[in-house]
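Notes follow the structure.
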Amino acid sequence: MSFKVTKTIDREANRLVKNYPEKRSASLMVLHAIQEEFGYISKDAEVWAAEKLGLKPINIHELVTFYPMLREHDPGKTVVRVCRTLSCALAGSHKLHGHICDKLGLDKNGHGLQRTKDGKFGVEFAECLASCGTGPVMMCNNDFYEAVSNEESEEILKKYDA
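Reminder that position 73 of the sequence shown reads as 1006 in this note's numbering, one-by-one numbering, no gaps.
See below:
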């Protein structure tokens, strides 16, 4: 998918810019809006955002590559995040991540976001998903799951595979 400015994203960016004393201050919010609509921030989107904010494209690219919540590439239809911080690790999150990767045909030792060949899933570790007492926890897009077993993860993935 290539980036095409829609009325929705243009209106949202204009609305966001109005909330700040300087256009550049809206940079992260505009990038989040782009990612919300398109799933990631392409080079063309970076150029458009820079023009909208009165910046150079490198200024926007620096933000996209610095912040881990911003993506340069399509992560897949469903992004699965497995918490890897201490509480979840002790509760088995590394085994859960490995199991999910095995089920989806991904490298369980791979680093960063891995995407399935069909584009249905992207899988990655996440830093603290803020439920330390109920690990291991995972998210599928914006849906949150606690105390997930390997078997439960398979059922959860089936819901998103439709």
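Cβ atoms here follow ideal geometry from the backbone N, Cα and C, with glycine treated the same way.
Since we're looking at a predicted model, the values are computed, not measured.
Item	Value
Alpha helix (DSSP H) containing residue 995: first to last residue?	990-999
So what does residue 1055 bridge to, in DSSP terms?	1012 and 1048
Express the C-alpha separation of residue 1021 and residue 1086 in angstroms, rounding to a whole number.	15 Å
Less than 9 Å between the beta carbons of residue 993 and residue 983, yes or no?	yes
Can you name the start and end residues of the alpha helix (DSSP H) that residue 1007 belongs to?	Run containing residue 1007: none; DSSP gives neither H nor E here.
What's the C-alpha gap between residue 1036 and residue 1090?	10 Å
State buried or exposed for residue 939, treating a residue as buried only when at least 16 other CB atoms are found within 10 Å of its CB.	exposed
So, at 6 Å on beta carbons, what are the nonlocal neighbours of residue 934 in its own chain, with the 5 sequence-adjacent residues on each side left out?	No answer about residue 934 holds up, because its pLDDT of 49 lies below 50 and its placement is not dependable.
Using DSSP with H/G/I as helix, E/B as strand and the rest coil, what is residue 934?	Summary for residue 934: the model assigns pLDDT 49, below 50, so the residue's position carries little reliability; its value from the coordinates is reported in the next sentence. Reduced to three states, the DSSP call for residue 934 is coil.
Looking at the strands, I want to know which residues DSSP matches up with residue 1094.	DSSP lists no partner for residue 1094.
Pull up the distance between the alpha-carbon of residue 1081 and that of residue 1013, whole angstroms please.	13 Å
How about residue 997 and residue 1058: do their beta carbons lie closer than 9 Å?	no
Where does residue 1073 fall in DSSP's three states?	strand
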